[in-house]
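Residue numbers (UniProt numbering): 1 to 196. Cβ atoms here follow ideal geometry from the backbone N, Cα and C, with glycine treated the same way. Here's the structure, in structure tokens; my notes come after.
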Amino acid sequence: MFGRRNGSNAGIYHRLGDIFARLNQWSEAERFQRAALEAQPDHIAAHLSYGTMLARNSSRTSEAEQWFRRALRLAPNDASVHHHYAEFLSTQRRTEEAFQYRVKAAELAPEDYALVMAAASSLRLHDRKLEAERWYRQAVKLRPQEARAHTNLGAILHLLGRTQEAANSYREALRLQPDDLTTLSNLAKLGVPAIS
Numbered sequence: 001m002f003g004r005r006n007g008s009n010a011g012i013y014h015r016l017g018d019i020f021a022r023l024n025q026w027s028e029a030e031r032f033q034r035a036a037l038e039a040q041p042d043h044i045a046a047h048l049s050y051g052t053m054l055a056r057n058s059s060r061t062s063e064a065e066q067w068f069r070r071a072l073r074l075a076p077n078d079a080s081v082h083h084h085y086a087e088f089l090s091t092q093r094r095t096e097e098a099f100q101y102r103v104k105a106a107e108l109a110p111e112d113y114a115l116v117m118a119a120a121s122s123l124r125l126h127d128r129k130l131e132a133e134r135w136y137r138q139a140v141k142l143r144p145q146e147a148r149a150h151t152n153l154g155a156i157l158h159l160l161g162r163t164q165e166a167a168n169s170y171r172e173a174l175r176l177q178p179d180d181l182t183t184l185s186n187l188a189k190l191g192v193p194a195i196s
């Protein structure tokens, strides 16, 4: 497309493809993502961008999935690949598969707060409360000053029937973010005072 294969150009083509995608110039975006992949067939970010772009068109979702699966084969230990594939699966309403890839992404990058929270929330939605607790605890460990992390941990502990632990998490969230309505409401549902 743009001359002979040259891996050093792949990054440039990929970035140009992303720019055209942000400008909603889809044919140009596709042209540059394909050029990136021709220049460097193992360019993971180009696989993910191209798959994401194709997934926007409902008639091309199976093609999009092929690009995500190629990325998984090329980089099976890359958390971002698992995360992007999970996002794709969610848009296809394949939530059971999606949550498995979200958890795998968190396992591969347990220091990434966003991936940890995504895994925890997905597990909670699939009624896997004990596993969700593990990831919510990891989120608190990663961001102890984040009120939302404590509120989410409190909520899962509440669902597990561990009232005192839940109350402690809610209180910590309120210490960090006083008057948060969600946390106050959750604490009231426990029937315990906001202050111990």
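Assumed close pair residue i, residue j - CB separation to whole angstroms, cut-off 8 Å
i: Ala-55; j: Ala-79; result: With 8 Å as the limit, Ala-55 and Ala-79 do not qualify as a contact, their Cβ atoms being about 19 Å apart.
i: Glu-107; j: Leu-142; result: That pair is no contact at about 14 Å.
i: Ala-147; j: Ala-105; result: That pair is no contact at about 24 Å.
i: Trp-135; j: Ala-119; result: 5 Å
i: Met-117; j: Ala-139; result: 5 Å
i: Phe-99; j: Leu-123; result: 7 Å
Closest by C-alpha distance to residue i, when choosing among the options
i: Thr-183; options: Glu-87, Gly-154, Gln-92, Tyr-113; result: Gly-154
i: Asn-24; options: Pro-144, Ala-45, Met-53; result: Met-53
i: Phe-32; options: Val-116, Gly-11, Leu-125; result: Gly-11
i: Asp-179; options: Glu-165, Ala-166, Ile-195; result: Ile-195
i: Asn-77; options: Asn-168, Ala-35, Arg-102, Arg-134; result: Arg-102
i: Tyr-170; options: Thr-151, Leu-160, Ser-185; result: Thr-151
i: Ala-29; options: Ala-35, Ala-36, Phe-20; result: Phe-20
i: Ala-75; options: His-43, Ser-27, Gln-145; result: His-43
i: Lys-189; options: Gln-177, His-158, Ala-35; result: His-158
i: Leu-187; options: Leu-176, Met-117, Ala-167, Leu-48; result: Ala-167
i: Gln-40; options: Arg-60, Ala-64, Ala-71, Ser-58; result: Ala-71
i: residue 197; options: Gln-145, Gln-177, Pro-193, Arg-175; result: Nothing about residue 197 can be read from this structure; the chain reaches only from 1 to 196.
i: Gln-66; options: His-47, His-82, Ala-35; result: His-47
Which of helix, strand or coil DSSP assigns to residue i
i: Glu-111; result: coil
i: Asp-127; result: coil
i: Asn-9; result: helix
i: Asn-77; result: coil
i: Arg-94; result: coil
i: His-43; result: coil
i: Asp-18; result: helix
i: Glu-63; result: helix
i: Arg-4; result: In this prediction, Arg-4 scores a pLDDT of 47, lower than 50, which makes its location untrustworthy; the coordinate-derived value is nonetheless stated afterwards. Correct three-state label for Arg-4: coil.
i: Arg-70; result: helix
i: Ile-195; result: coil
i: Asn-186; result: helix
i: Asn-24; result: coil
i: Leu-174; result: helix
i: Asn-57; result: coil
i: Leu-89; result: helix
i: Leu-160; result: coil
i: Arg-143; result: coil
Status (buried if at least 16 other CB within 10 Å, exposed otherwise) for residue i
i: Gly-17; result: buried
i: Leu-181; result: exposed
i: Glu-38; result: buried
i: Ile-156; result: buried
i: Gly-191; result: exposed
i: Glu-96; result: exposed
i: Gly-161; result: exposed
i: Ser-27; result: exposed
i: Ser-8; result: exposed
i: Met-1; result: Unreliable placement is indicated for Met-1, whose pLDDT of 48 sits below 50; no coordinate value is reported for it.
i: Glu-133; result: buried
- Query: Can we say the stretch 76 to 94 touches the stretch 125 to 140, given the rule of at least three CB pairs closer than 8 Å?
  - Reply: In short, these stretches do not touch, since the Cβ pair count stays below three.
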